[in-house]
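> One structure, as structure tokens, below. Some questions next.
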Amino acid sequence: MIKKVAILANGGDVAGLNPVIRAIKNTAENNGIECYGFIDGYKGLAENHFIRLDGNPISSGLIDKGGCIIGSSLNTIVFKYKIRGEDGREIYKDVSDQCIENVKKDGFDCVFTLGGDSTQKSARDLFVKGMNVIGVPKTIDNDVACTDITFGYNTAVSVATEAIDRLHTTAETHHRIMVLEVMGRYAGWIALESAIAGGADAALIPEIPYDINKVSAKINQRIQNGKAFSVVVVAEGAMPLNGEASTYDTGVGTGIAKNFAGAGNKVAKELQELTGLQARCTTLGYMQRGGSPSAYDRVVSTKYGAKAMELALEGKFGVLTVIQNGRLDSVPLEDVVGNNKKLGAIEGGTEESNVRLVTLDHELVKTARDVGICLGD
Ligand code: F6P
Numbered sequence: 085m086i087k088k089v090a091i092l093a094n095g096g097d098v099a100g101l102n103p104v105i106r107a108i109k110n111t112a113e114n115n116g117i118e119c120y121g122f123i124d125g126y127k128g129l130a131e132n133h134f135i136r137l138d139g140n141p142i143s144s145g146l147i148d149k150g151g152c153i154i155g156s157s158l159n160t161i162v163f164k165y166k167i168r169g170e171d172g173r174e175i176y177k178d179v180s181d182q183c184i185e186n187v188k189k190d191g192f193d194c195v196f197t198l199g200g201d202s203t204q205k206s207a208r209d210l211f212v213k214g215m216n217v218i219g220v221p222k223t224i225d226n227d228v229a230c231t232d233i234t235f236g237y238n239t240a241v242s243v244a245t246e247a248i249d250r251l252h253t254t255a256e257t258h259h260r261i262m263v264l265e266v267m268g269r270y271a272g273w274i275a276l277e278s279a280i281a282g283g284a285d286a287a288l289i290p291e292i293p294y295d296i297n298k299v300s301a302k303i304n305q306r307i308q309n310g311k312a313f314s315v316v317v318v319a320e321g322a323m324p325l326n327g328e329a330s331t332y333d334t335g336v337g338t339g340i341a342k343n344f345a346g347a348g349n350k351v352a353k354e355l356q357e358l359t360g361l362q363a364r365c366t367t368l369g370y371m372q373r374g375g376s377p378s379a380y381d382r383v384v385s386t387k388y389g390a391k392a393m394e395l396a397l398e399g400k401f402g403v404l405t406v407i408q409n410g411r412l413d414s415v416p417l418e419d420v421v422g423n424n425k426k427l428g429a430i431e432g433g434t435e436e437s438n439v440r441l442v443t444l445d446h447e448l449v450k451t452a453r454d455v456g457i458c459l460g461d
């Protein structure tokens, strides 16, 4: 019998965090269970800082609310936690035992971890150490293994699609190439799906290194057909054939070594030179994460939150809620983050990962090619 649960969010925010919190809290409340939230994610867990959510006015009106009422930790790994040493310098310490102790002392029977790959890796490790955890897959990048969809992704695609629509009209008016840079460090889902939804002419994704000559050939063909304008969507992690992604050093020293920026500008500059059309780049950035969730995300977040609480009631811990072939289900966290893959060493400072990337035989890739979207290959 569980009596008390707590939620934490980790990683970049997405639209849908509050609806997940609401669904967990409502399902808990309806089963006579107290529901709490750790403030600022893993930081709140490490420092034992939490608030009660059920019966608290802060947790009403959450279904359409962007952001996250309990905050979310960034670059925070409890196994490598940043503290100030005695000499005032920053050092990293493993505070996972402290986290386990806090949860025991406060009587939390389960901690729900809302986050992506690196969040769930820490959750898995805390589970192995004895904490009851249940993960819920959050990221706009849609790159969590074992699930078809993460919450927040659909809203990001909708925001990107609206941007493409708006860029289309100005591209046509001024006979320009409009490049839209969207998020996606290693996975091109947002770029690919928004390009299809917005009817873009090209989509460049990290999984398919691009040949800029292929993209300019597509645009030149359009010019010959009387369409002297084009819209090109570029994922921030897109890279040229035999080249590198455009990154810069974050300088934070957390293990997350790189941020991505500049891919769109690079493509715009080269296309301008190769086609003779003026090119402009718009970087969509954090617009994709902020604001109200789409109707789809509200529903998917509610399904995920309610399912997570159901799993807790069944005593099924160490799992992630997933949607596979349209069915709401759960899989062991070990399956999600337990495979040692190359990308894990880069993302989130984790050593293991199983990031879900766009595969060349995915139906979205086929669809994009069928309707004439150039993928740069
Ligand atoms: O992981 C989600 C994501 O939106 C990435 O696509 C992007 O590169 C990253 O977050 C940026 O995060 P931040 O600037 O908050 O570290």
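Quick note on numbering: our numbering labels position 266 of the sequence shown as 350, and the sequence is numbered without any gaps.
We put the CB at the ideal spot given by N, CA and C, even for glycine.
1) Determine the burial state of threonine 443: buried for a count of at least 16 other Cβ atoms within 10 Å of its Cβ, exposed for fewer.
2) Run through DSSP, which three-state label would cysteine 119 get?
3) Hey, could you find the ends of the beta strand (DSSP E) leucine 288 is sitting in?
4) Classify glycine 402: buried if its beta carbon has 16 or more other beta carbons within 10 angstroms, exposed otherwise.
5) Residue range of the beta strand (DSSP E) that aspartate 413 falls in?
6) Are the CB atoms of alanine 207 and histidine 259 nearer to each other than 9 Å?
7) In three-state DSSP terms, what is isoleucine 175?
8) As an exercise, report each continuous alpha helix (DSSP H) stretch of at least 4 residues that is fully enclosed by the segment 308–374, in chain order.
9) Can you tell me whether isoleucine 142 is buried or exposed, with buried defined as 16 or more other CB within 10 angstroms of its CB?
10) Threonine 338 to threonine 203, Cα distance in whole Å?
11) Does DSSP put glutamate 265 in a helix, a strand or coil?
12) If glycine 460 and leucine 288 are in contact, beta carbons under 8 Å, what's the gap, nearest whole angstrom?
13) Measuring alpha carbon to alpha carbon, tell me which residue in Asp138, Tyr388 and Ala281 is nearest leucine 448.
14) Classify leucine 325 as buried or exposed, calling it buried when 16 or more other Cβ atoms lie within 10 Å of its own Cβ.
15) Could you give the distance in angstroms between the alpha-carbon of threonine 197 and the alpha-carbon of threonine 257?
16) Run the CB neighbour count on lysine 426, radius 10 Å, all protein chains shown included, and call it buried at 16 or more, exposed below.
17) From which residue to which residue does the beta strand (DSSP E) around threonine 197 run?
18) Using the C-alpha atoms, what's the distance from aspartate 454 back to leucine 92?
19) Return the first residue and the last residue of the beta strand (DSSP E) that glycine 272 is part of.
20) Within 10 angstroms of its Cβ, does methionine 393 collect 16 or more other Cβ (buried), or is it exposed?
21) With 16 as the cutoff for other CB atoms within 10 Å, does isoleucine 175 come out buried or exposed?
22) Based on Cα-Cα distance, which residue from Ala99, Ile161, Gly272 and Glu170 lies nearest to alanine 452?
23) Could you check how far apart the C-beta atoms of lysine 124 and serine 156 are, in whole angstroms? I think they sit under 8 Å.
24) Label tyrosine 294 either buried or exposed according to how many other C-beta atoms from any shown protein chain fall within 10 Å of its C-beta, with 16 as the threshold for buried.
25) Just how far apart, CA to CA, sit isoleucine 86 and isoleucine 218?
26) Is arginine 269 near the ligand F6P - that is, is its Cβ less than 8 Å away from at least one heavy atom of it?
27) Hey, out of Gly151, Glu418, Glu246 and Thr234, whose CA is closest to glycine 410's CA?
28) Go to valine 241, then tell me how far its alpha helix (DSSP H) extends in each direction, as first and last residue.
29) So does phenylalanine 344 have its beta carbon nearer than 8 Å to some heavy atom of the ligand F6P?
30) Out of curiosity, what's the CA-to-CA distance linking leucine 158 and arginine 168?
31) What do you reckon, is the C-beta of leucine 355 under 8 Å from a heavy atom of the ligand F6P?
32) When you compare each of Thr359, Gln408, Val351 and Asp190 to glutamate 265 by their alpha carbons, which one comes out closest?
33) Looking at the strands, I want to know which residues DSSP matches up with tyrosine 388.
34) Please classify serine 300: is it buried, with 16 or more other beta-carbons within 10 angstroms of its beta-carbon, or exposed?
35) Report yes if the CB atom of alanine 240 is closer than 9 Å to the CB atom of proline 290, and no otherwise.
To lay it out plainly:
1) The residue is exposed, with fewer than 16 neighbouring Cβ atoms inside 10 Å.
2) The three-state reading of DSSP puts cysteine 119 in strand, counting E and B together.
3) Counting along the chain, the beta strand (DSSP E) containing leucine 288 begins and ends at 286–288.
4) The residue in question, glycine 402, is buried, as its Cβ has 16 or more Cβ neighbours within 10 Å.
5) Here the beta strand (DSSP E) through aspartate 413 covers 411–416.
6) Using a Cβ distance threshold of 9 Å, alanine 207 and histidine 259 do not count as a contacting pair.
7) The answer is strand: DSSP assigns isoleucine 175 an E or B state.
8) Counting whole runs of 4 or more residues, the segment 308–374 contains the alpha helix (DSSP H) stretches 347–359.
9) Exposed, because fewer than 16 other Cβ atoms sit within 10 Å of the Cβ of isoleucine 142.
10) Interpretation of threonine 338 is limited by its pLDDT of 47, a score under 50 that renders its predicted location unreliable; no figure is taken from the coordinates.
11) Here glutamate 265 carries a strand assignment [DSSP, helix/strand/coil].
12) The Cβ separation is near 5 Å, so the contact holds.
13) Considering only alpha carbons, the answer is Ala281.
14) With fewer than 16 other CB atoms across the displayed protein chains lying within 10 angstroms of its CB, leucine 325 is exposed.
15) Approximately 47 Å between the Cα atoms of the pair.
16) Low local confidence applies: a pLDDT of 46 at lysine 426 is under 50, so the model's placement there is unreliable, with the coordinate-based value given in what follows. The residue is exposed, with fewer than 16 neighbouring Cβ atoms inside 10 Å.
17) Counting along the chain, the beta strand (DSSP E) containing threonine 197 begins and ends at 194–199.
18) Rounded to the nearest whole angstrom, the CA to CA distance from leucine 92 to aspartate 454 is 42 Å.
19) Neither: glycine 272 is in no beta strand (DSSP E) and is coded neither H nor E.
20) Its Cβ being crowded by 16 or more others within 10 Å, methionine 393 is buried.
21) Answer is exposed; the Cβ neighbour count stays below 16.
22) The residue with the shortest Cα to Cα distance from alanine 452 is Gly272.
23) As written in the sequence, residue 124 is aspartate, which differs from the lysine given in the question. So it is a contact: roughly 7 Å between Cβ atoms.
24) Buried, by the Cβ-count rule.
25) Approximately 14 Å, taken between the alpha carbons.
26) Yes, the ligand F6P has a heavy atom inside 8 Å of this Cβ.
27) Answer by Cα proximity: Thr234.
28) Its alpha helix (DSSP H) spans residues 237–258.
29) Yes, the beta carbon of phenylalanine 344 sits closer than 8 Å to at least one heavy atom of the ligand F6P.
30) Leucine 158 and arginine 168 have their C-alpha atoms spaced approximately 18 Å apart.
31) Proximity of the beta carbon of leucine 355 to the ligand F6P is not indicated: no heavy atom of the ligand is located closer than 8 Å.
32) Looking at the Cα atoms, Val351 is the closest of the given residues.
33) Listed as beta-bridge partners of tyrosine 388 by DSSP are no residues whatsoever.
34) With 16 or more Cβ atoms within 10 Å of its Cβ, serine 300 is classed as buried.
35) For alanine 240 and proline 290, no; Cβs fall outside 9 Å.
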